[in-house]
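Asker: Could you have a look at this structure, given as structure tokens, before my questions?
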Amino acid sequence: MKEIILIIGFGFLSIRIQAQELISKWSFDQFNNTLVSKNTTNKTDQLLGFYDSVSGVRGNAIWLDGYTSYIKRDKFGQNLPNNFTITAWVMLEAYPWFRCPVFDLRINEKEGVFLSIKRDGTLTAGFGQPINWVEIDGPRLPLKEWVMVSLVVNQNGLSSLYLNDKKIKEIENSPVLRRTFNNKLTIGRNAILEEWWDYQYTVTDKYSFLDGMIDEVYLYGNSLSSKQIKKLYENQLPLPNVTIQPRVLPSGPPGIGEFGANYTRLNYTKQWDRLWRVGDYPDVLVRFSENNCRLVFWRGTSFVPCWVTENGIWYTNEWAETWGPDVTSSAEPLMDREARFSHVRIIENSPARTVVHWRYGLIDADYNFVAKDIDGRGEWADEYYIIYPDGIGIRKIDLYYSNPLRKHDWEESIVLLSPGQHPDEVINDPEIILANMDGEIHQYSWRNNLPIEMKKPEKANIHVVNLKSKYKPFYILSPEPFESAEGKYESPFFRSYSAALGENYHPDSVPSIYGWWNHWPVTQLPGDGRWVETNDRASHFNLTTFTQWKDYYMDERVKSRIMLHGMTENKPKELVPLAKSWLNPPKMELNNNNKVFYETAERAYVVNKLKNGVLKGKLLANPNQPAWKPAIILNDVRITNPKVMINNQILVPDKDYQYGVVQELDQWKTIIWIDAIFNKNIDLSIQ
Numbered sequence: 022m023k024e025i026i027l028i029i030g031f032g033f034l035s036i037r038i039q040a041q042e043l044i045s046k047w048s049f050d051q052f053n054n055t056l057v058s059k060n061t062t063n064k065t066d067q068l069l070g071f072y073d074s075v076s077g078v079r080g081n082a083i084w085l086d087g088y089t090s091y092i093k094r095d096k097f098g099q100n101l102p103n104n105f106t107i108t109a110w111v112m113l114e115a116y117p118w119f120r121c122p123v124f125d126l127r128i129n130e131k132e133g134v135f136l137s138i139k140r141d142g143t144l145t146a147g148f149g150q151p152i153n154w155v156e157i158d159g160p161r162l163p164l165k166e167w168v169m170v171s172l173v174v175n176q177n178g179l180s181s182l183y184l185n186d187k188k189i190k191e192i193e194n195s196p197v198l199r200r201t202f203n204n205k206l207t208i209g210r211n212a213i214l215e216e217w218w219d220y221q222y223t224v225t226d227k228y229s230f231l232d233g234m235i236d237e238v239y240l241y242g243n244s245l246s247s248k249q250i251k252k253l254y255e256n257q258l259p260l261p262n263v264t265i266q267p268r269v270l271p272s273g274p275p276g277i278g279e280f281g282a283n284y285t286r287l288n289y290t291k292q293w294d295r296l297w298r299v300g301d302y303p304d305v306l307v308r309f310s311e312n313n314c315r316l317v318f319w320r321g322t323s324f325v326p327c328w329v330t331e332n333g334i335w336y337t338n339e340w341a342e343t344w345g346p347d348v349t350s351s352a353e354p355l356m357d358r359e360a361r362f363s364h365v366r367i368i369e370n371s372p373a374r375t376v377v378h379w380r381y382g383l384i385d386a387d388y389n390f391v392a393k394d395i396d397g398r399g400e401w402a403d404e405y406y407i408i409y410p411d412g413i414g415i416r417k418i419d420l421y422y423s424n425p426l427r428k429h430d431w432e433e434s435i436v437l438l439s440p441g442q443h444p445d446e447v448i449n450d451p452e453i454i455l456a457n458m459d460g461e462i463h464q465y466s467w468r469n470n471l472p473i474e475m476k477k478p479e480k481a482n483i484h485v486v487n488l489k490s491k492y493k494p495f496y497i498l499s500p501e502p503f504e505s506a507e508g509k510y511e512s513p514f515f516r517s518y519s520a521a522l523g524e525n526y527h528p529d530s531v532p533s534i535y536g537w538w539n540h541w542p543v544t545q546l547p548g549d550g551r552w553v554e555t556n557d558r559a560s561h562f563n564l565t566t567f568t569q570w571k572d573y574y575m576d577e578r579v580k581s582r583i584m585l586h587g588m589t590e591n592k593p594k595e596l597v598p599l600a601k602s603w604l605n606p607p608k609m610e611l612n613n614n615n616k617v618f619y620e621t622a623e624r625a626y627v628v629n630k631l632k633n634g635v636l637k638g639k640l641l642a643n644p645n646q647p648a649w650k651p652a653i654i655l656n657d658v659r660i661t662n663p664k665v666m667i668n669n670q671i672l673v674p675d676k677d678y679q680y681g682v683v684q685e686l687d688q689w690k691t692i693i694w695i696d697a698i699f700n701k702n703i704d705l706s707i708q
């Protein structure tokens, strides 16, 4: 973090400043290791945080990072005159998290003066003292272009707010300010801590930082006329064009890559990246050789695994989440904005499959563990992503719970957006298609009488998200009836969410029919349920929520659930054979008394003791029990160049099948993945 001394030029003949005199000026032109202007009074300001010197409207400007950087003077050191003017040039990259001053000279919330920008981009100013405080609001400022903002104050007279060379609002009988000698001065951040209410979480102990460039900040000791404001503006014309790299959620290098998982560093923006104390390999990227989809485990999502389509649309099936009276907002890994308790590691990686382990703690918006029992450690989850080369695999969730009766959310369908994107750009109508094992489907539109409980078709267990992409996210669940802490159900439970359902939890007007929030991903300030008003930040919206299905396993410490998920170009009805192959796989019969079983949690046939190192037998597939690209795990066997035969035909490695040899702590294992679908009996041989 940088901290430099900013020596500014301002002058005064006495405590009462003469009219038409420039009190202070911040121009940022001399911006090497020190920032120096004409020094006439031995006043010094500090420039704190991470910042950059960039080309401004005149010479250099300062680029504040939106997280750490601002200018401050602990004591202003003089009193403002009765009439004064504040002007500044601003280029916003994003609107502030909550109201953030360009210029703030206050001693408490309603005493002093500020010229600020609200969370929706609205220009605003406030001044006075507690008994007669006033605020003036203007229009929403544009992003990524230079504008001049000005506040002209005539105490006991007419005060005006300007945007560029236009007066946009004025008030009569302006209040009188008290002494500002002891007021704190800040540029680009609040001078004081303020409480910012939101629908689901109120921020009480965080500052708001300006995300963008500032140049030519002037404080005059008189009230400039409209002509003078116009002249200040015109003196800088023509304004420079602003060329900034778009902020895009990072998903690795473009194009198809070799299948497998890789440690890497996925960079977002310079300002965001330098907050992280990490090296070159904090993130994990899974790519596929047959399509340009990928599975991303990135710090910016708190390592929440996200599928990314071939055209760059991000999607996730969520995580384990809980709530209750011991929780501030909700307890879930997205609250872990610094990834303190969220970690990702590659467990297994071969041409036949990859296994990625994601571990996280369930913490609330205040970074507290909840649901504590006698050991005081709260709840944790291990998730395993077992992915095969076809982009389909298992998500296994092991929740280490504190109370078996405590409710959890295990799945929400969430689409992530880069800054500037709108949900309508990435999702089709109908948004969700559900299907059952009989091939019956029902399409759900968020624009047409959307029910809360999604009961059609009966016993639905196949869920497809209709993104505007060739490959679409899907998952398949057990269709069996079940009873859990969340309720008793005859089949998987699906529930929708929309802006209409959240009408008591968002502003009166929101720009989408979906539940659309920007408290995650990327954001570093605490928050929950922060509804999008403008799409200037990374954001997400959800579709189905609180999906429930049968536990795969449960004991006194852990609950496990599994789903088959991935990316597909098949229609929902065409996923039924895949579901059958997983939920009711064909039997495999082996020669030589070799034993085999199907492990649903790995989407694979498992052989623990293979005699003579040779597998021979039959796979008894049929239309009701198809084998969809089957995987076979040979434990305690190392076959470096396997010969795989189907019906006495030799398969071609890297074309017809993939294999991997994995060394574990106490054994080797060989994994075979066959790139074919079988609807009738086959003879199988591996040697």
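The numbers in the sequence shown follow my numbering, run straight up by one, and end at 708. All residues carry an ideal CB built from backbone N, CA and C; glycine is no exception.
#1: Does DSSP put Tyr711 in a helix, a strand or coil?
#2: Quick check on the burial criterion: 16 or more other C-beta atoms within 10 angstroms. Buried or exposed for Phe699?
#3: Comparing C-alpha positions only, which one of Glu623, Ala625 and Val617 sits nearest to Lys632?
#4: Between the segment 561-575 and the segment 421-434, can you find at least three pairs of beta-carbon atoms closer than 8 Å?
#5: Pull up the distance between the alpha-carbon of Gln688 and that of Ala373, whole angstroms please.
#6: Anyone know if the C-beta pair for Pro122 and Thr207 falls short of 8 Å?
#7: Starting from Asp294, trace the alpha helix (DSSP H) in both directions and tell me its first and last residue.
#8: If we count the other Cβ atoms within 10 Å of its Cβ and call it buried at 16 or more, is Trp218 buried or exposed?
#9: Tell me where the beta strand (DSSP E) around Lys509 begins and ends.
#10: So, is Asp158 buried or exposed, given that buried needs 16 or more other C-beta atoms within 10 angstroms?
#11: Count the other C-beta atoms from every protein chain shown that fall within 10 angstroms of the C-beta of Tyr574, then say buried if there are 16 or more, exposed otherwise.
#12: Please return the same chain residues whose Cβ sits closer than 6 Å to the Cβ of Val667, not counting the five positions on each side in sequence.
#13: If you run the structure through DSSP and keep just helix, strand and coil, what is Tyr336?
#14: Within 10 Å of its beta-carbon, does Gln569 have 16 or more other beta-carbons around it, so buried, or fewer, so exposed?
#15: If you draw a straight line from the alpha carbon of Asp125 to that of Ile534, how long is it in whole angstroms?
#16: Going by beta-carbon coordinates alone, are Thr201 and Gly278 separated by less than 8 Å?
#17: For Asn60, does the count of other Cβ atoms within 10 angstroms reach 16, so buried, or fall short, so exposed?
#18: If distances are taken between C-alpha atoms only, which option among Gln150, Glu461, Gly333 and Leu182 comes closest to Lys592?
#19: Find the nearest neighbour of Arg655 within the set Pro478, Thr290, Asn629 and Lys637, judged by alpha-carbon distance.
#20: Using a Cβ-Cβ cut-off of 7 Å (strictly less than) and excluding sequence neighbours within five positions of Ile418, which residues of its own chain qualify?
#21: What residue does the alpha helix (DSSP H) around Ala402 start on, and which one ends it?
#22: Determine whether the beta carbon atoms of Ile448 and Lys489 lie at a separation below 8 Å.
#23: Going by Cα to Cα distance, which pick from Asp294, Glu215 and Glu255 is closest to Thr544?
#24: In terms of alpha-carbon separation, which member of Ala282, Leu705, Leu198 and Ile671 lies closest to Pro410?
#25: What are the boundary residues of the beta strand (DSSP E) that includes Leu705?
#26: Using the three-state DSSP reduction, which class does Arg551 fall into: helix, strand or coil?
#27: Are the Cβ atoms of Pro160 and Ser229 separated by less than 8 Å?
#28: By Cβ distance below 7 Å, which residues in the same chain neighbour Asn63 in space, the five residues on each side in sequence not counted?
#29: Please report the Cβ distance between Ala652 and Trp603, rounded to the nearest whole angstrom; I am assuming they are in contact, meaning their Cβ atoms lie under 8 Å.
#30: If you reduce the DSSP assignment to three classes, tell me which class Arg320 lands in.
#31: With 16 other CB atoms within 10 Å as the buried threshold, where does Gln708 fall?
#32: Can you tell me the Cα-Cα spacing of Thr621 and Asn313, whole angstroms?
#33: By a C-beta neighbour count over all protein chains shown, 10 Å radius and 16 as the cutoff for buried, is Lys139 buried or exposed?
#34: Would Phe135 and Val224 qualify as a contact pair, given that the criterion is a beta-carbon distance under 8 Å?
#35: Just list the beta strand (DSSP E) runs in the segment 161-226, keeping only unbroken ones of 3 residues or longer that don't cross its boundaries, in chain order.
#36: Confirm, please, whether the CB-CB distance from Pro598 to Tyr619 is below 8 Å.
Answerer: In brief:
#1: Nothing can be reported for residue 711: it is not among the residues displayed for the chain, which extend from 22 to 708.
#2: Its Cβ being crowded by 16 or more others within 10 Å, Phe699 is buried.
#3: Out of Glu623, Ala625 and Val617, Val617 has the C-alpha closest to the C-alpha of Lys632.
#4: yes
#5: 18 Å
#6: yes
#7: Lys291 to Asp294
#8: Trp218 comes out exposed.
#9: Gly508 to Tyr510
#10: exposed
#11: exposed
#12: Reading the sequence as shown, one finds Ile at residue 667 and not Val. Same-chain partners within the cutoff: Ile703.
#13: strand
#14: buried
#15: 37 Å
#16: no
#17: In this predicted model, Asn60 has a pLDDT of only 33, less than 50, meaning its place in the structure is not dependable; the value taken from the coordinates is given anyway. That one is exposed.
#18: Glu461
#19: For clarity, residue 655 is Leu in the given sequence; the question names Arg instead. Among Pro478, Thr290, Asn629 and Lys637, the Cα nearest to that of Leu655 is on Asn629.
#20: Ala341, Ala402, Glu404, Trp431, Ser581 and Arg582
#21: Note, Ala402: premise wrong, no alpha helix (DSSP H); beta strand (DSSP E) at Trp401 to Ile408.
#22: Yes, the pair counts as a contact, with Cβ atoms nearer than the cut-off.
#23: Asp294
#24: Selected option, being the one with the closest Cα: Ala282.
#25: Ile703 to Ile707
#26: Correct three-state label for Arg551: coil.
#27: Against a cut-off of 8 Å, the Cβ pair of Ser229 and Pro160 comes out as no contact.
#28: Only weak support is given to the placement of Asn63: the predicted model assigns it a pLDDT of 47, under 50, and the value that follows is read from those uncertain coordinates. Here the set comprises nothing.
#29: Approximately 11 Å separates the beta-carbon atoms of Ala652 and Trp603; this is outside 8 Å, ruling out the contact.
#30: Assignment of Arg320 by DSSP, reduced to helix, strand and coil, places it in the helix class.
#31: exposed
#32: 27 Å
#33: buried
#34: no
#35: 167-175, 180-184, 187-192 and 205-208
#36: no
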